[in-house]
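K.L.:
Using our numbering, the letters of the sequence shown correspond one by one to residues 835 to 960. Ideal Cβ positions, reconstructed from N, Cα and C, are used throughout, including at glycine. All figures in this text were calculated on a predicted structure; none of them were measured in a lab. So that we are looking at the same thing, I have put the structure below in structure tokens.
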Amino acid sequence: SLLTSGQTEPTLGDMTTMVASLAITLLAYGAMAWDDLVLAPPAGKTGEPAMMFYGQGASITTGAYAPLGKAIQRAVPFPLWFAVPQCLDDIAAVPLCFDWGMARVIKAMEKQGINATTIFYGVTVE
835 SLLTSGQTEP TLGDMTTMVA SLAITLLAYG AMAWDDLVLA PPAGKTGEPA MMFYGQGASI
895 TTGAYAPLGK AIQRAVPFPL WFAVPQCLDD IAAVPLCFDW GMARVIKAME KQGINATTIF
955 YGVTVE
């Protein structure tokens, strides 16, 4: 057993408290302003538009991905939306964070008139 002398296994009440604390933390993060990066396609591209979501990692800020996104946009022949949703602790591996972030940036893209069905994904590996 991993328990030391005098410790007891967590009860259902203890686990409920831990889950509630996690939920409160996530809600607090949700209430703050997120620093999502959304780059609209550059002018002059033709063809079917696409979008690329890049997973934040290695504690790299979302703005630091802008040069990469712009380089990828220049390299492809079609209009490409590039987005990096900010994640908790700047790491996309936090459970559900990338999914929630994608939902946020899709809403931002829709407000800017996105009309794409092709999606690409990328990620930073530490």
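Near Cys921, which residues of its chain fall below 7 Å by C-beta distance, leaving aside the five closest residues on each side in sequence?
P.N.:
Taking the first residue of the sequence shown as position 1, residue 921 is located at position 87. So the qualifying residues of the chain are Gln890, Val928, Cys931, Phe932, Gly935.
K.L.:
Of all the options Tyr955, Arg938, Ala909, which has the alpha carbon lying nearest to the alpha carbon of Thr880?
P.N.:
On the sequence shown, residue 880 is found 46 positions in, with the first residue counted as 1. Comparing Cα positions, the closest option is Ala909.
K.L.:
Give, in chain order, every unbroken run of the alpha helix (DSSP H) that is at least 4 residues long and sits entirely within the stretch 872-914.
P.N.:
As far as the stretch 872-914 is concerned, its whole alpha helix (DSSP H) runs of at least 4 residues are 900-909.
K.L.:
Of all the options Gly903, Ile948, Pro875, Ala898, which has the alpha carbon lying nearest to the alpha carbon of Gly956?
P.N.:
As a first step, residue 956 is located in the sequence shown; it is residue number 122 there, counting from the start. It is Gly903 whose Cα lies nearest to the Cα of Gly956.
K.L.:
Got a sec? Which residues, its chain only, sit under 7 Å from Ala950 by beta carbon, not counting five neighbours each side?
P.N.:
Walking along the sequence shown from the start, residue 950 turns up at place 116. Closer than 7 Å at the Cβ level, and outside the excluded window around Ala950, lie Pro883, Ala884, Met885, Trp915.
K.L.:
How should Gln946 be labelled, buried or exposed, when 16 other C-beta atoms within 10 angstroms of its C-beta is the threshold for buried?
P.N.:
As a working mapping, residue 946 is identified with position 112 in the sequence shown. Exposed, because fewer than 16 other Cβ atoms sit within 10 Å of the Cβ of Gln946.
K.L.:
Only counting the same chain, and skipping five residues up and downstream in sequence, which positions put a Cβ closer than 8 Å to that of Trp868?
P.N.:
Translated into positions along the sequence shown, residue 868 becomes position 34. The answer, listed in chain order, is Pro919, Gln920, Gly935, Arg938.
K.L.:
Smallest Cα separation from Ala892: which of Ala917, Leu873, Ala926?
P.N.:
What you label residue 892 is simply residue 58 of the sequence shown in a count that begins at 1. Among Ala917, Leu873, Ala926, the Cα nearest to that of Ala892 belongs to Ala926.
K.L.:
Can you determine whether any heavy atom of the ligand ATP sits closer than 8 Å to the C-beta of Lys941, and answer yes or no?
P.N.:
Among the components of this structure there are no ligands whatsoever, and the ligand ATP is therefore not found.
K.L.:
Please report how far the alpha carbon of Pro911 lies from the alpha carbon of Met852, in whole angstroms.
P.N.:
For the purposes of this step, residue 911 is identified with residue 77 of the sequence shown, where counting begins at 1. For the purposes of this step, residue 852 is identified with residue 18 of the sequence shown, where counting begins at 1. Approximately 49 Å, taken between the alpha carbons.
K.L.:
DSSP on Gly956, reduced to helix/strand/coil?
P.N.:
For this step, residue 956 is matched to residue 122 along the sequence shown. Of the three classes helix, strand and coil, the one that applies to Gly956 here is strand, per DSSP.
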